[in-house]
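Student: Take this structure first; my questions come after.
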Amino acid sequence: MSYIKVVKNYASRFEAESAKSLLEMQGIMSMVEGDDCGGIRPDLSFATGGYDLLVKESDLSRAKELLG
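Numbering (this note's numbering), first residue to last: 2 to 69.
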């Protein structure tokens with residue numbers, strides 16, 4: 002069974018999506034999670050803690066290395 006873990010939290014969707022692209026170029030599948038009403042209300046992300054970049058638990062240590 003594979004679990005999903007948070008690699009890093011970002012203040013903006015742009016930063017999270019950029020990090021996601023970096024990981025995917027290295028073969029690590031990832032996704033961004035944030036409560037911003039589907040992009041309509043980006044101001045809500047500050048109230049809910051920003052955007053989490055998520056990866057499979059088995060990729061966590063490599064993802065942390067790549068993101069520094």
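The beta carbon of each residue, even a glycine, is placed where N, CA and C say it ideally should be.
So, for ALA17: in the same chain, excluding its five sequence neighbours on each side, which residues have a beta-carbon less than 6 angstroms away from its beta-carbon?
Tutor: If we look at ALA17 and ignore the five residues flanking it on each side, its Cβ neighbours are TYR11, VAL33, TYR52, LEU54.
Student: Verify whether the separation of the beta carbon atoms of LYS9 and LEU61 is less than 8 angstroms.
Tutor: Not closer than 8 angstroms, so no.
Student: Please go through the same chain and pick out, in chain order, the residues whose beta-carbon is closer than 8 angstroms to the beta-carbon of SER59, but skip the five residues on each side of it.
Tutor: SER3
Student: Identify which residue in LEU24, SER31, GLY50 has its Cα closest to the Cα of ILE5.
Tutor: SER31
Student: When every heavy atom of the ligand HEM is checked, does at least one fall within less than 7 angstroms of the C-beta of GLY51?
Tutor: Looking for the ligand HEM in the displayed structure turns up nothing, as the structure carries no ligands at all.
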